[in-house]
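Residue numbers (my numbering): 159 to 228.
Encoded as structure tokens, the structure appears first; notes follow it.
In structure tokens, the structure reads:
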């Protein structure tokens, strides 16, 4: 299947792109594996990102820049 590049999507954030992909390919579609090789779906990744965001927000000040090494 050919991939079409759309230059108008250049200002889209990473999270918005993740949500668009979830809508396009299905929320339950496995997209990656965790450290124990268990499959994670788009929904699992979105949930995990919110959980991580809450933990980081509790340890930082509003507007503070944070870097994460994965």
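Note that beta-carbon positions come from the ideal geometry of N, C-alpha and C, so glycine has one too.
Check: Per-residue DSSP class, three states only, for residue 189; Outcome: strand
Check: Range of the contiguous alpha helix (DSSP H) that encloses residue 228; Outcome: Looking at the DSSP string, residue 228 is not in any alpha helix (DSSP H), and its letter there is neither H nor E.
Check: Residues bridged to residue 199 [DSSP beta-bridge criterion]; Outcome: 188
Check: Nearest-angstrom beta carbon gap, residue 198 and residue 190 [assumed within contact, 8 angstroms]; Outcome: 5 angstroms
Check: Beta carbon of residue 204 nearer than 8 angstroms to that of residue 214; Outcome: no
Check: Local Cβ density within 10 Å of residue 183, reported as buried at 16 or more and exposed below that; Outcome: exposed
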